[in-house]
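K.L.:
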Amino acid sequence: MIGDIETLCKLANIKINLMKTDPKRFFVRAFMAGAYLGLAAILSYTLGAMLSDHSVVGKIAVAASFGIGLVAIVYLGAELFTGNCFVTIMPVLRGDMKLREIMPMWVVCYIGNMIGISLICFLFIKSGAQEAIMQPYLKGIMESKLNFDVIDLLIKGILCNFVVCVAAYSGVKIKDETARLIVIMILVMTFVLPGFEHCIANGGIFTMGITQLGSTIDWSMLPLHMLISTLGNIIGGSVLLAVPIYIMFRTPQTK
Numbered sequence: 000m001i002g003d004i005e006t007l008c009k010l011a012n013i014k015i016n017l018m019k020t021d022p023k024r025f026f027v028r029a030f031m032a033g034a035y036l037g038l039a040a041i042l043s044y045t046l047g048a049m050l051s052d053h054s055v056v057g058k059i060a061v062a063a064s065f066g067i068g069l070v071a072i073v074y075l076g077a078e079l080f081t082g083n084c085f086v087t088i089m090p091v092l093r094g095d096m097k098l099r100e101i102m103p104m105w106v107v108c109y110i111g112n113m114i115g116i117s118l119i120c121f122l123f124i125k126s127g128a129q130e131a132i133m134q135p136y137l138k139g140i141m142e143s144k145l146n147f148d149v150i151d152l153l154i155k156g157i158l159c160n161f162v163v164c165v166a167a168y169s170g171v172k173i174k175d176e177t178a179r180l181i182v183i184m185i186l187v188m189t190f191v192l193p194g195f196e197h198c199i200a201n202g203g204i205f206t207m208g209i210t211q212l213g214s215t216i217d218w219s220m221l222p223l224h225m226l227i228s229t230l231g232n233i234i235g236g237s238v239l240l241a242v243p244i245y246i247m248f249r250t251p252q253t254k
């Protein structure tokens, strides 16, 4: 019987080898992951804007609907940076690879995700769909996101990707399709509802904000926000979840 670590390492090797042998194909898979997440952002934030007068209901609707993005990524075979922070660190923890060997894949995946989600979110705002309700809704979100404490933001990033990677891990472990879908949707709701920070999702949300609001918002804190949330996401997936999972399931043959 193949153990969890062996399964994750095999999955990681497939991803890393694809990046080495066919980087264009890997990039397109990363781009599509961003695009799928962009569709989820459009759905959830449109619902949030429509229900902005009903705060609690609106927040639940945003959280409940955003999971469709990760479901699409898992079922349609795309590459999400935050999930890969967990999966592809396993060969490093086992001693099969050096961290520097997986870094190019992380960079390409991150860039592909950002381009995909940014393009979809940019096109959504440029379409003018729901503009009357999106503008005030996005303004409130941008002002809230850009007014942050660095430590708070880092922790939100850590917790976010801990949850996202539990969802990704569940997608590997659970074989029943219906159960897998339900678990992923609920786990994504777990990070969205409390307001945790996902760097790729933020790339899309900030693209919406910049495109819709332009210079009416001070964007000077945006680069720091993206840096800290990305760092938090890496820690959440590659350390907070991956290290305990590795310790729990390593075999005597595992270094």
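Heads up, the sequence shown is in numbering that gives the first Met the number 0, so the first residue is 0 and it goes up one at a time.
Where a beta carbon is used, it is the ideal one built from N, C-alpha and C, also for glycine.
Looking at residue 33: is its Cβ nearer than 8 Å to the Cβ of residue 47?
P.N.:
No, these two residues do not count as a Cβ contact at 8 Å.
K.L.:
Let me know the secondary structure DSSP gives residue 53 once reduced to three states.
P.N.:
Coil.
K.L.:
Across the stretch 129–142 and the stretch 157–165, are there enough close Cβ pairs to call them in contact, namely three or more that are closer than 8 Å?
P.N.:
No contact exists between the stretch 129–142 and the stretch 157–165.
K.L.:
Could you check whether residue 191 and residue 25 sit closer than 8 Å to each other, using their CB atoms as the reference points?
P.N.:
No. Outside cutoff.
K.L.:
Which runs of the alpha helix (DSSP H) spanning at least 4 residues fall entirely within the stretch 43–129, listed in chain order?
P.N.:
The qualifying runs are 54–75, 80–86, 89–93 and 98–125.
K.L.:
For residue 133, is the classification buried or exposed, using 16 other Cβ atoms within 10 angstroms of its Cβ as the cut-off for buried?
P.N.:
The residue is buried, with at least 16 neighbouring Cβ atoms inside 10 Å.
K.L.:
Consult DSSP for residue 253 and reduce its assignment to one of helix, strand or coil.
P.N.:
Note that residue 253 scores 45 on pLDDT, short of 50, meaning its location in the model is unreliable; the coordinates nonetheless yield the value given after this. Residue 253: coil per DSSP, three-state reduction.
K.L.:
For residue 120, which option in 42, 225 and 215 has the closest C-alpha, if you only look at C-alpha atoms?
P.N.:
Considering only alpha carbons, the answer is 42.
K.L.:
Using beta-carbon positions only, say whether residue 240 and residue 165 come within less than 8 Å of one another.
P.N.:
Against a cut-off of 8 Å, the Cβ pair of residue 165 and residue 240 comes out as a contact.
K.L.:
Look at the Cβ atom of residue 104, then the Cβ atom of residue 15, and state whether they are nearer than 8 Å.
P.N.:
The answer is yes: Cβ separation under 8 Å.
K.L.:
What first and last residue would you give for the alpha helix (DSSP H) that runs through residue 197?
P.N.:
First-last for residue 197: undefined, no H or E at that position.
K.L.:
Leaving out five residues on either side along the sequence, give the residues of the same chain with a beta carbon under 8 Å from the beta carbon of residue 8.
P.N.:
Excluding sequence neighbours, residue 8 sits near 89, 90, 93 and 95.
K.L.:
Residues in its own chain within less than 8 Å of residue 229 by CB, not counting five upstream and five downstream?
P.N.:
So the list reads 109, 156 and 198, once near-sequence residues are dropped.
K.L.:
Please classify residue 228: does DSSP put it in a helix, a strand, or coil?
P.N.:
Looking at residue 228 - three-state DSSP - the assignment turns out to be helix.
K.L.:
Going by other Cβ atoms of all chains shown within 10 Å of its Cβ, with 16 needed for buried, is residue 224 buried or exposed?
P.N.:
It counts as buried.
K.L.:
Decide if residue 235 is buried, meaning its Cβ has at least 16 other Cβ atoms within 10 Å, or exposed.
P.N.:
Under this definition residue 235 is a buried residue.
K.L.:
Classify residue 130: buried if its beta carbon has 16 or more other beta carbons within 10 angstroms, exposed otherwise.
P.N.:
It is exposed - the Cβ of residue 130 has fewer than 16 other Cβ atoms within 10 Å.
K.L.:
Looking only at its chain, what residues have a beta carbon closer than 7 Å to the beta carbon of residue 62, apart from the 5 residues adjacent to it on each side?
P.N.:
188, 191 and 192.
K.L.:
Mapping DSSP to helix, strand and coil, what is residue 255?
P.N.:
Nothing can be reported for residue 255: it is not among the residues displayed for the chain, which extend from 0 to 254.
K.L.:
Answer with buried or exposed for residue 45, where buried requires no fewer than 16 other C-beta atoms within 10 angstroms of its C-beta.
P.N.:
Answer is buried; the Cβ neighbour count reaches 16.
K.L.:
Under a CB-based cut-off of 8 Å, is residue 98 close to chain C?
P.N.:
The structure shown has no chain C; it contains just one protein chain.
K.L.:
Using beta-carbon positions only, say whether residue 214 and residue 136 come within less than 8 Å of one another.
P.N.:
The answer is no: Cβ separation not under 8 Å.
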